[in-house]
Amino acid sequence: MPLSGHCLCKAVTYTVDVDAPLIVGYDHCDDCQRQSGSTYSLVAVVPKDKLTVNGPIKKWSGTGSSGHAVHRLFCSDCGSPIAHDPDAAPEIIALKAGTFDTEIKKNLKPVCSAIPCNSPPY
Numbered sequence: 059m060p061l062s063g064h065c066l067c068k069a070v071t072y073t074v075d076v077d078a079p080l081i082v083g084y085d086h087c088d089d090c091q092r093q094s095g096s097t098y099s100l101v102a103v104v105p106k107d108k109l110t111v112n113g114p115i116k117k118w119s120g121t122g123s124s125g126h127a128v129h130r131l132f133c134s135d136c137g138s139p140i141a142h143d144p145d146a147a148p149e150i151i152a153l154k155a156g157t158f159d160t161e162i163k164k165n166l167k168p169v170c171s172a173i174p175c176n177s178p179p180y
């Protein structure tokens with residue numbers, strides 16, 4: 059069963075053609091703290107080529123700790139953050155786990171407290 063989710067106003071929806079994220083964890087980088095307004099952002103890393111996004115997405119790009127660009131995707135209507143897309147790891151994208159559909163969120167189990175854990179650096 060694919061993963062799915064949406065922004066606060068439901069103008070942006072997405073599906074990921076996988077049964078589970080590659081990894082779920084807490085991202086404590088300064089940029090994720092600022093984007094989430096919290097001390098961390100719970101993210102679910104998925105293969106980028108399995109993600110389909112529909113709706114009015116805007117993008118803001120900055121430089122990640124790797125020195126490469128990180129593209130932050132958000133709803134252009136309500137401003138909800140949807141994902142961050144690191145150029146340093148072009149095969150993956152980190153979805154903001156709070157945007158998953160409710161039943162999917164209930165079953166997420168974070169495995170680390172410092173993304174990228176064992177994944178490529180952002």
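At position 2 of the sequence shown the residue is numbered 60 (our numbering), and the sequence of numbers has no breaks.
No residue lacks a Cβ here, since even glycine has one placed at the ideal position from N, Cα and C.
Are the C-beta of Y72 and some C-beta of chain B separated by less than 8 Å?
-> Here chain B cannot be found, since the structure has a single protein chain.
For A147 and P178, the rounded distance between their alpha carbons | Locating residue 178 in the sequence shown gives position 120, where the first residue counts as 1. Locating residue 147 in the sequence shown gives position 89, where the first residue counts as 1. Low confidence applies here, because P178 scores a pLDDT of 47, under 50, leaving its location unreliable; read the following figure in that light. Each residue's alpha carbon lies about 6 Å from the other.
Just reading off the beta strand (DSSP E) that T71 is part of, what are its end residues?
-> Within the sequence shown, the letter at position 13 stands for residue 71. First-last of the beta strand (DSSP E) with T71: T71 to V74.
Quick one: Cα of K164 to Cα of S94, how far?
-> One-based indexing of the sequence shown puts residue 164 at position 106. One-based indexing of the sequence shown puts residue 94 at position 36. Approximately 19 Å, taken between the alpha carbons.
Assumed close pair V76, P105 - CB separation to whole angstroms, cut-off 8 Å = By one-based count along the sequence shown, residue 76 stands at place 18. By one-based count along the sequence shown, residue 105 stands at place 47. That belief holds up - the Cβ atoms of V76 and P105 are roughly 7 Å apart, short of 8 Å.
Mind checking which residues open and close the beta strand (DSSP E) that includes S62?
-> Your numbering for residue 62 matches position 4 in the sequence shown. Here the beta strand (DSSP E) through S62 covers L61 to H64.
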